[in-house]
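Since the structure comes first, as structure tokens, the remarks are kept for the end.
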Amino acid sequence: MKVAIIGTGVGIRTHLAGLSLLPKVEVVGVVGSTKERAAQHLQFHGYDKDLAESFDDVMAKSPDIVCLTTPVCCRDEYWERLAHEQCFILAEKPVCGDDLSLPYFDAVKDRCVVDFQLRGLEQFQIVAKMINEGTLGDICSIDLFERTAALRADSLPSWMTTPDLGGGQRMAMGSHLLDLAVFLLGGNYSSVQEFQCSAETRRGSWRGAMPKGQRPSDECFDCSFVMNQARVAIRTTSISRATRSLEFRVEGTEGVAEFCYRDGFGTLRLFHENGSEVLYTDQAASAVHTQPSYPLDNSVFRVAYSRYFASVCEWAEGKDSSIPASLSDGLANVRLLQKK
Numbered sequence: 003m004k005v006a007i008i009g010t011g012v013g014i015r016t017h018l019a020g021l022s023l024l025p026k027v028e029v030v031g032v033v034g035s036t037k038e039r040a041a042q043h044l045q046f047h048g049y050d051k052d053l054a055e056s057f058d059d060v061m062a063k064s065p066d067i068v069c070l071t072t073p074v075c076c077r078d079e080y081w082e083r084l085a086h087e088q089c090f091i092l093a094e095k096p097v098c099g100d101d102l103s104l105p106y107f108d109a110v111k112d113r114c115v116v117d118f119q120l121r122g123l124e125q126f127q128i129v130a131k132m133i134n135e136g137t138l139g140d141i142c143s144i145d146l147f148e149r150t151a152a153l154r155a156d157s158l159p160s161w162m163t164t165p166d167l168g169g170g171q172r173m174a175m176g177s178h179l180l181d182l183a184v185f186l187l188g189g190n191y192s193s194v195q196e197f198q199c200s201a202e203t204r205r206g207s208w209r210g211a212m213p214k215g216q217r218p219s220d221e222c223f224d225c226s227f228v229m230n231q232a233r234v235a236i237r238t239t240s241i242s243r244a245t246r247s248l249e250f251r252v253e254g255t256e257g258v259a260e261f262c263y264r265d266g267f268g269t270l271r272l273f274h275e276n277g278s279e280v281l282y283t284d285q286a287a288s289a290v291h292t293q294p295s296y297p298l299d300n301s302v303f304r305v306a307y308s309r310y311f312a313s314v315c316e317w318a319e320g321k322d323s324s325i326p327a328s329l330s331d332g333l334a335n336v337r338l339l340q341k342k
């Protein structure tokens with residue numbers, strides 16, 4: 003099975019680390035934000051750096067599966083170009099209505115499986131399910147915070163880069179958090195209102211001041227907006243010598259979901275009128291479900307990558323494979339695609 007990867011950073015690293023464990027999979031090429039950056043990732047994971055190539059060069063090798071890991075806001079051109087290819091596509095990070103509305107998406111939907119981003123956490127799927135089932139009532143607010151060493155400049159969606167919204171600049175942000183917020187609220191980017199943002203990077207600053215105690219070598223991004231009557235606030239900081247963490251709080255009229263993840267340990271709690279309960283605990287990448295009403299597949303974690311990608315390969319080969327729940331339930335993407 004020949005596999006190609008298109009990404010910017012973490013998506014490439016995650017795939018290379020996992021694919022190296024699968025003897026029947028051959029990585030035939032990697033398309034990165036730059037050829038040099040892709041080569042660095044390849045060398046780090048023991049691959050030939052010459053596998054870092056352009057899109058055309060990689061597709062000339064006729065890969066069976068293309069892993070598309072670029073941020074939602076950067077991949078329109080890839081959807082269009084992949085529409086003319088015959089490969090299967092594993093698209094990661096949330097696919098919102100914006101993707102589904104693209105005229106060339108119809109050409110790929112029958113050979114495309116959409117995964118909830120590999121480096122994302124299963125807790126988002128659980129919360130999305132609670133939102134869809136009405137467990138939290140009407141959503142009032144979503145707050146997301148991430149501290150990571152992986153923050154880097156990403157292009158923003160076009161509605162952000164207009165002068166009255168994003169200042170027409172390239173900003174540093176954890177764009178996946180924005181994707182996740184839109185995903186949790188079940189809408190399209192076009193549904194976003196009252197968008198405001200600020201960023202501090204080594205390349206410049208926009209609409210904001212350096213937070214107190216932040217070193218100039220670090221980066222941060224803040225944004226807030228209103229969507230489907232809910233207030234959303236996102237903050238991402240890149241601090242090289244700090245504990246990696248991800249926190250979120252989703253508040254509704256009937257309850258609150260909170261999650262805190264630090265250095266491989268995390269807990270998801272639900273607060274409601276009858277008290278509180280722990281829905282999920284992640285201990286060193288080993289999932290423990292304490293609430294049986296939310297049984298979701300654990301294959302999205304890197305520790306289960308081999309099983310996860312083996313299922314994808316079986317699907318591409320036309321075998322009777324049970325696609326992991328992370329592929330079918332994470333975004334209800336299969337139902338969306340089948341309606342097209």
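For what it's worth, our numbering labels the leading residue of the sequence shown as 3, then goes sequentially. The beta-carbon is built from N, C-alpha and C at its ideal position, and this holds for glycine as well.
May I have the straight-line CA-CA distance separating Lys214 from Arg149, to the nearest angstrom? Here Lys214 scores only 47 on pLDDT, less than 50, and its place in the model is too uncertain to base an answer on.
For the 8 Å Cβ check, are there 3 or more pairs between the region 27-44 and the region 4-11? Because the criterion of three Cβ pairs below 8 Å is met, the region 27-44 and the region 4-11 touch.
Please return the same chain residues whose Cβ sits closer than 7 Å to the Cβ of Ala235, not counting the five positions on each side in sequence. Correct list, in chain order: Asp145 and Ser226.
Tell me the DSSP secondary structure of Ala62 in three-state form. DSSP, reduced to helix, strand and coil, places Ala62 outside both helices and strands of the structure shown, so it counts as coil.
Is Arg264 buried or exposed, if buried means 16 or more other CB atoms sit within 10 Å of its CB? Arg264 is exposed by the Cβ-count criterion.
By how many angstroms is the C-alpha of Cys69 removed from the C-alpha of Arg39? Across the structure, Arg39 and Cys69 are spaced so that their CA atoms are roughly 17 Å apart.
If I measure Cβ to Cβ from Val30 and keep anything under 6 Å in the same chain, skipping five residues before and after, which residues do I get? Excluding positions up to five away in sequence, the list reads Lys4, Ala6, Lys63 and Pro65.
DSSP state of Glu196, grouped into three classes? Note: Glu196 maps to strand in three-state DSSP.
Compare the beta carbon distance of Cys142 and Thr16 with 8 Å and say whether it is the shorter of the two. The answer is no: Cβ separation not under 8 Å.
Could you tell me whether the Cβ atoms of Tyr184 and Met132 are closer together than 8 Å? With the sequence shown as reference, residue 184 is identified as Val, and Tyr is not the correct amino acid for it. No; because the gap between Cβ atoms is not below 8 Å, this pair is not in contact.
For Glu55, count the other beta carbons within 10 Å of its own beta carbon; 16 or more makes it buried, fewer makes it exposed. Which is it? Buried: at least 16 other Cβ atoms inside 10 Å.
Mind checking Ser313: buried by the 16 CB within 10 Å criterion, or exposed? With 16 or more other CB atoms across the displayed protein chains lying within 10 angstroms of its CB, Ser313 is buried.
Report all residues from its chain with a CB closer than 8 Å to the CB of Gly48; omit the five preceding and five following residues, and keep chain order. Once the five neighbours on either side are set aside, the close Cβ partners of Gly48 are Ser22.
My understanding is that Thr137 touches Gly257, with C-beta atoms under 8 Å, so please give their C-beta distance in whole angstroms. Yes, Thr137 and Gly257 are in contact; Cβ-Cβ is about 6 Å, under 8 Å.
CB-CB length for Val2 against Leu92, believed under 8 Å: Since the first residue of the chain shown is 3 and the last is 342, residue 2 is not available in this structure.
Buried or exposed: where does Leu186 fall if 16 or more other Cβ atoms within 10 Å of its Cβ makes it buried? So Leu186 ends up on the buried side.
Which one of Gln198, Gly20 and Val115 has the shortest CA to CA distance from Ile67? It is Val115 whose Cα lies nearest to the Cα of Ile67.
Taking Cys89 as the reference, give the member of Gln195, Met61, Asp50 and Glu260 with the closest Cα. It is Met61 whose Cα lies nearest to the Cα of Cys89.
What did DSSP end up calling Ala41 once you bin it into helix, strand or coil? In the structure shown, Ala41 sits in a helix (DSSP, three-state: H, G or I).
Straight-line CA distance for Ala152 to Phe57? In this prediction, Ala152 scores a pLDDT of 48, lower than 50, which makes its location untrustworthy; the coordinate-derived value is nonetheless stated afterwards. When the Cα atoms are used, Ala152 and Phe57 turn out to be separated by approximately 24 Å.
Cut-off 7 Å between Cβ atoms - residues of its own chain near Arg113, not counting five sequence neighbours on either side: Residues Phe90 and Ile91 of the same chain have their beta carbon placed closer than 7 Å to that of Arg113, with the five preceding and five following residues left out of the count.
Hey, could you find the ends of the alpha helix (DSSP H) Tyr49 is sitting in? In the DSSP annotation of this structure, Tyr49 is not part of any alpha helix (DSSP H), being labelled neither H nor E.
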